[in-house]
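Chemist: When the letters of the sequence shown are read in order and numbered with mature numbering (1 follows the signal peptide of the UniProt record, and there is no 0), they come out as residues -17 to -1, 1 to 403. Quick reminder that beta carbons are idealized off the backbone N, C-alpha and C, glycines included. The structure's right below; bear with me while I get my questions together.
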Amino acid sequence: MLLVAVVWCLLFAEGRSEPPQCCRPNVLWLNNTQNCNDGGIVQMDCSLSFLLQTSIEPSLTFTFVEEHNETWLVLNDTEHAADDWQRIPSNEYCVTKSTQVPNELVALVCFTESPYAEYQRFRELMFGFCGALSSLFLFLTFCIYVHLPELREVQDKAITSMVAAFAVAFFFSSNLRIFPSHSGTIICVVLGFAMYYAYMCAFFWLNIISFNIWKSVWYPSCSPDRKFMFLVYSLVGWLTPLAFLLVAVACHHGLEIVHPFNPGMGEIGCWFAGKHSNWLFFYGPVLCLLCANLVYLALTSYKLWHQYSGLSSDDDNRLNTLRLKCCMYLKLAFLMGFTWLFEIGSFVFGDGRDVYWLATDVLNALQGIIMFYILVLSRNKVKKALATRRPLGINFPRSWLAYDEQLEKPGPIELELSIA
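The following block contains the structure:
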């Protein structure tokens, strides 16, 4: 009888399946990532989203049921226990212990058919197509600025550099949203760092543009050699982001994966993993640059208002010049800080489900169209040059040719800033 009992137990043990494990034995899951603390990736193929079910919250507790040599995860809602959405097959979940609560079993569930997952995919596709449209308009703006010889001032070159960086950044971002790459792959990590460098270059050039405006308004007599000035701007605009990139890559390869300063590039999509790394390497520096832009704008506006209030109504030419500059700076204010601050606000206060952040996120995704309007369609100098030179034989509106007759001749500050 004892032998029969032993054989029966062995047969039962061999036929009993165990819940799938997210990580290897004695390895913990890194919260809010797709990685384990030994550097491995969670052993579950889920293309859209992960959801953590913990026994800390009674409404999210779970148990296991074995049927047909498969262990199912069942949410502990006895009233609807038979519903399909509460019985999770073994290929759509895994269990593990986390670094946050190492003594408690948790389950990661892949809700690939949930309404939230469908909304997330729709959101990613929408932002992807908006980003692709922005990239197209930015590329068109870049071609216009490179083609027209009238746009060779320092400010024009800085704008061209900023547009080029944003075009590359939006191109990478839109492609990764429309055609998501698998996390943890080499191509995902490389594309993530390339997109990071492009965005950092764009924001540094945006800061250079605002600095140059401030310098030209406050110190118009301080005009160093233009080639030398643009060389200095280029060193700052391209090499400073390169330094950020090298530090991020060094931390990515040199620090343990559980270290809070590890960027975790490619762990969650092709971008930084977790809020700490996002703040340290991207949103923190970008926030500082945007705040500096707003300070430059405030100082410039104060100077212009001081000049404006000191003029009499008889000085029409001077008043028109200041009105022209004020309009340009208001447009640049929209570009240089306010819209991008919404992006940071969405990152800090949003969780991806908040619909009320959708409008501002779409606005930022369409920045390329906004830049095209501000830098091409609202600039008389650019429209005049396009109508005169007719690139590719395109006939532009004849009214564009008459803009220089409706405005006063630009002064040295206007030429320096290229806002006429």
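Roughly how many angstroms lie between the CA atoms of A342 and P8, to the nearest whole one?
Modeler: 45 angstroms
Chemist: Express the C-alpha separation of H51 and F154 in angstroms, rounding to a whole number.
Modeler: 48 angstroms
Chemist: Counting only the same chain and skipping the five closest in sequence on each side, list residues whose C-beta sits under 8 angstroms from that of G23.
Modeler: C6, R7 and V10
Chemist: Do V137 and Y209 come within 8 angstroms of each other at the CB atom, strictly closer than that value?
Modeler: In the sequence under discussion, the amino acid at residue 209 is Arg, which differs from the Tyr named in the question. Yes.
Chemist: Please tell me whether, using a cut-off of 7 angstroms, the distance from the CB of V84 to the nearest non-hydrogen atom of the ligand COA is below it.
Modeler: With respect to the ligand COA, the structure shown offers nothing to examine, as it has no ligands at all.
Chemist: For E1, does the count of other Cβ atoms within 10 angstroms reach 16, so buried, or fall short, so exposed?
Modeler: exposed
Chemist: Please classify A385: is it buried, with 16 or more other beta-carbons within 10 angstroms of its beta-carbon, or exposed?
Modeler: exposed
Chemist: Nearest-angstrom Cα distance between F162 and G175?
Modeler: 14 angstroms
Chemist: Quick one, which of W262, I377 and R106 has its alpha-carbon nearest A348's?
Modeler: R106
Chemist: Report the residue from P246, F244 and A185 whose alpha carbon sits nearest the alpha carbon of Y216.
Modeler: Residue A185 is the option with its Cα nearest to Y216.
Chemist: Consult DSSP for L56 and reduce its assignment to one of helix, strand or coil.
Modeler: strand
Chemist: Go ahead and pull the three-state DSSP assignment for N378.
Modeler: coil
Chemist: Can you tell me where the beta strand (DSSP E) holding F47 begins and where it ends?
Modeler: F45 to E50
Chemist: Check each candidate in K364, P246, E87 and H289 and name the one with the smallest Cα separation from L228.
Modeler: L228 has its Cα closest to that of P246, out of K364, P246, E87 and H289.
Chemist: Does the pairing of the segment 110 to 122 with the segment 187 to 199 give three or more beta-carbon distances under 8 angstroms?
Modeler: no
Chemist: Is the beta carbon of F330 closer than 8 angstroms to that of N261?
Modeler: With a cutoff of 8 angstroms on beta-carbon distance, N261 and F330 are scored as near each other.
Chemist: Three-state secondary structure (DSSP) at R7?
Modeler: coil
Chemist: Over the uninterrupted beta strand (DSSP E) stretch that includes A370, give me the two end residues.
Modeler: Per DSSP, A370 belongs to no beta strand (DSSP E); it is in the alpha helix (DSSP H), N363 to R372.
Chemist: What number of angstroms, rounded off, separates the C-alpha of K376 from the C-alpha of M109?
Modeler: In the sequence under discussion, the amino acid at residue 376 is Gly, which differs from the Lys named in the question. Each residue's Cα considered, the two are about 34 angstroms apart.
Chemist: From T168 to H235, what does the alpha carbon distance come to, in whole angstroms?
Modeler: 14 angstroms
Chemist: Any Cβ of chain B within less than 8 angstroms of the Cβ of P85?
Modeler: Protein chain content of the structure displayed is limited to a single chain, and chain B is not contained in it.
Chemist: If you run the structure through DSSP and keep just helix, strand and coil, what is T61?
Modeler: The pLDDT assigned to T61 is 48, lower than 50, so where the model puts this residue is not dependable, and the model offers no usable value.
Chemist: I need the straight-line Cα distance from P374 to S206, nearest angstrom please.
Modeler: 33 angstroms
Chemist: Taking Cβ to Cβ, would you say F194 is nearer than 8 angstroms to K140?
Modeler: No.
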